[in-house]
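Numbering (the numbering used here), first residue to last: 1 to 501.
Yeah, the Cβ is synthetic: ideal placement off N, Cα and C, and Gly gets one too.
Small disclaimer: the values here were computed from a predicted structure and weren't measured.
This report concerns only the one structure given below.
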């Protein structure tokens, strides 16, 4: 996209249970679109979006990460999100600022606990979504078993628009149920595979026709004329099916099911084409409600570059050397570099320096950011996750975020005597970055208590203090602050009278 056009932007989040392959899918999307020159590998710690030391060590996504790609005439912003419960709040924050979600499901494991959780988040934000059944090349991968589990859990709205050709190590292509063509891949797994459009294999024709009939019956309900045409026995054109499918997706009434393998890079270009053709741009999404701080009334923000600037901060990354990096989604207006903005959540004026498009940890400076886009800036004063940035003459406030309460506690103290101030500073920066973290001093025991969302979450916080802020800590189970206790032995006499009858 040479010139910014809000209609040519797509904001998507890749969500799903841990180990469903979201980061590998992000990597394949970036590679096939030409944004990176080689496919990174989770095991080697070389993917674009899992770049933190702990993420590389554990091979999982801990923090949401922003990337972008260009495909045909579109710009697509991608948020790769965590899939484990301890870090799920980061996933919910990401879903708040996108316009659609790709729910990644493992072709072996099927629907899992966090799959249901992210589905509920998408429902809460009324997001259009698509399901991508990943890892179709793996042993015990079964598209049809997983599809059944999807429909059992989520009802009839998920519907196949693709079928796999081959199974497990013999997975070699995809049937497009709209075009009724087979896309067969050559030299899969060796870089970017070459694919060839062919007729559907003879032994799969009957099955493909059955699934296409189900697809046509579903999408026809979104247009009365098309429905009448279908009921009269007429054949629908591919364009008519596409138009109805697009409407159903944008109304969140149809959830298409696609398939592929991120690590083999099969089905990825088809997914990119699907994003391009079917998922909504910011201008097609409902307007967002904000509070007008001048009138104290609620109003709707128009998704337009020509309206006053407003943005929502959804992520903060603390850096011990350069300060905080603030990630935000722009809902209206535009923000040039070297300009002034107002933090209406904190009543603070800020000066913006450079504005960055983020590709994982890598930054690309841009002259301005406009409505519908997602970007980052550095060194904003007193600005944190959940804050509203806006034009000071037109102050508005986005709805606040409600964070879950921590569920696990850990007592900590600095290993080195005299590092108390250093520890306090590090904890403050970590709380800036992760609002689900809480720190307090237990008045009864005198211990510093670190509270988080689970054991893995607490481990990550301690690692971050050591690796990023250079503070080593002693860890222990918090003591119980007894307010009443046994202090000495006492002698007491009493009578026991046995009664009967």
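inquiry  = Can you tell me where the alpha helix (DSSP H) holding residue 245 begins and where it ends?
reply    = Counted from its first residue, the chain shown places residue 245 at position 245. First-last of the alpha helix (DSSP H) with residue 245: 238-250.
ask   = For the putative contact between residue 396 and residue 290, defined by C-beta atoms under 8 Å, what is the C-beta separation to the nearest angstrom?
value = As a working mapping, residue 396 is identified with position 396 in the chain shown. As a working mapping, residue 290 is identified with position 290 in the chain shown. The pair is a contact, with the Cβ atoms about 4 Å apart (cut-off 8 Å).
ask   = Thinking C-beta only, is residue 469 closer than 9 Å to residue 441?
value = Here residue 441 is taken as the residue at index 441 of the chain shown, counted from 1. Here residue 469 is taken as the residue at index 469 of the chain shown, counted from 1. No. Outside cutoff.
query = Are the beta-carbon atoms of residue 129 and residue 109 separated by less than 9 Å?
reply = Within the chain shown, the letter at position 129 stands for residue 129. Within the chain shown, the letter at position 109 stands for residue 109. No. Outside cutoff.
request  = Give the range of the alpha helix (DSSP H) segment to which residue 88 is assigned.
outcome  = As a working mapping, residue 88 is identified with position 88 in the chain shown. Segment 88-96, the alpha helix (DSSP H) holding residue 88.
inquiry  = Between 481, 416, 425 and 98, which has its C-alpha nearest residue 443's C-alpha?
reply    = Numbered from its first residue, the chain shown carries residue 443 at position 443. Selected option, being the one with the closest Cα: 481.
ask   = If you compare alpha carbons, which of 61, 249, 124 and 168 is closest to residue 278?
value = The residue given as residue 278 occupies position 278 in the chain shown. Taking only the C-alpha atoms, the option nearest residue 278 is 249.
contact_flag[the stretch 215-232, the stretch 162-169] where n(CB pairs < 8 Å) is 3 or more = no
message = Let me see if you follow: with CB-CB separation under 9 Å, is residue 178 close to chain B or not?
response = Note that chain B does not occur in the displayed structure, where there is just one protein chain.
ask   = Hey, out of 114, 48, 30 and 37, whose CA is closest to residue 70's CA?
value = Within the chain shown, residue 70 is the residue found at index 70, counting from 1. Cα-wise, what sits closest to residue 70 is 30.
message = Could you compute how far the alpha carbon of residue 199 sits from the alpha carbon of residue 329?
response = Position 199 of the chain shown, counted from the first residue, corresponds to residue 199. Position 329 of the chain shown, counted from the first residue, corresponds to residue 329. Computed Cα separation, rounded: 44 Å.
request  = Quickly, what does DSSP pair residue 222 with across the bridge? List them, please.
outcome  = Reading the chain shown from its first residue, position 222 is the one you call residue 222. For residue 222, which the question treats as bridged, DSSP gives no partner whatsoever.
ask   = Where does residue 438 sit, in a helix, a strand or coil, going by DSSP?
value = For the purposes of this step, residue 438 is identified with residue 438 of the chain shown, where counting begins at 1. The answer is strand: DSSP assigns residue 438 an E or B state.
inquiry  = Does residue 164 come out as helix, strand or coil in the three-state DSSP assignment?
reply    = Residue numbering aside, residue 164 sits at position 164 when the chain shown is read from its first letter. Looking at residue 164 - three-state DSSP - the assignment turns out to be strand.
query = In or out: residue 359 buried (at least 16 other Cβ within 10 Å) or exposed?
reply = Translated into positions along the chain shown, residue 359 becomes position 359. By the neighbour-count rule (16 or more Cβ atoms within 10 Å), residue 359 is buried.
message = Looking at residue 16: is its Cβ nearer than 9 Å to the Cβ of residue 105?
response = Start at 1 with the first residue of the chain shown, and residue 16 comes out as number 16. Start at 1 with the first residue of the chain shown, and residue 105 comes out as number 105. Against a cut-off of 9 Å, the Cβ pair of residue 105 and residue 16 comes out as a contact.
query = alpha helix (DSSP H) containing residue 120: first to last residue?
reply = Sequence index remark: in the chain shown, residue 120 carries index 120 (1-based). Here the alpha helix (DSSP H) through residue 120 covers 113-124.
ask   = Taking the C-alpha atoms as reference points, what is the distance between residue 267 and residue 40?
value = The count along the chain shown starts at 1 and reaches residue 267 at position 267. The count along the chain shown starts at 1 and reaches residue 40 at position 40. Between residue 267 and residue 40, the C-alpha separation is close to 18 Å.
inquiry  = Which residue marks the beginning of the alpha helix (DSSP H) containing residue 275, and which one marks its end?
reply    = Position 275 of the chain shown holds residue 275. Its alpha helix (DSSP H) spans residues 268-278.
query = Touching or not, the stretch 141-157 and the stretch 178-185, by the rule of three or more beta carbon pairs under 8 Å?
reply = no
query = Between residue 355 and the rest of its own chain, which residues show a CB-CB distance below 6 Å, the 5 nearest in sequence each way excluded?
reply = The sequence position of residue 355 within the chain shown is 355, counting from 1. Cβ within range, chain order: 337, 366, 369, 375 and 377.
Residue 398 vs residue 255 beta-carbon contact at 9 Å = Sequence index remark: in the chain shown, residue 398 carries index 398 (1-based). Sequence index remark: in the chain shown, residue 255 carries index 255 (1-based). The answer is no: Cβ separation not under 9 Å.
query = Out of curiosity, what's the CA-to-CA distance linking residue 68 and residue 201?
reply = Position 68 of the chain shown, counted from the start, is the residue given in the question as residue 68. Position 201 of the chain shown, counted from the start, is the residue given in the question as residue 201. Using only the alpha carbons, I get a separation of about 36 Å.
request  = Just tell me which of 451, 352 and 325 has its CA closest to the CA of residue 66.
outcome  = For this step, residue 66 is matched to residue 66 along the chain shown. Among 451, 352 and 325, the Cα nearest to that of residue 66 belongs to 325.
inquiry  = Rounding to the nearest angstrom, what Cα-Cα distance links residue 333 and residue 301 in this structure?
reply    = Here residue 333 refers to the residue found at position 333 when the chain shown is read from its first residue. Here residue 301 refers to the residue found at position 301 when the chain shown is read from its first residue. Roughly 10 Å between the two C-alpha positions.
ask   = Is residue 412 closer than 9 Å to residue 475 when the C-beta atoms are compared?
value = Stepping through the chain shown from its first residue, residue 475 is reached at position 475. Stepping through the chain shown from its first residue, residue 412 is reached at position 412. Cβ atoms of residue 475 and residue 412: closer than 9 Å.
query = What is the C-beta distance between residue 98 and residue 42, in whole angstroms, given that I count them as a contact (C-beta under 8 Å)?
reply = Locating residue 98 in the chain shown gives position 98, where the first residue counts as 1. Locating residue 42 in the chain shown gives position 42, where the first residue counts as 1. Actually they do not touch by this definition, with Cβ atoms about 23 Å apart.
request  = Spatial neighbours of residue 262 within its chain, please: CB distance less than 6 Å, with the 5 preceding and 5 following residues excluded, ordered by chain position.
outcome  = The residue given as residue 262 occupies position 262 in the chain shown. Within the same chain, residue 262 has close Cβ partners 21, 24, 25, 28 and 134.
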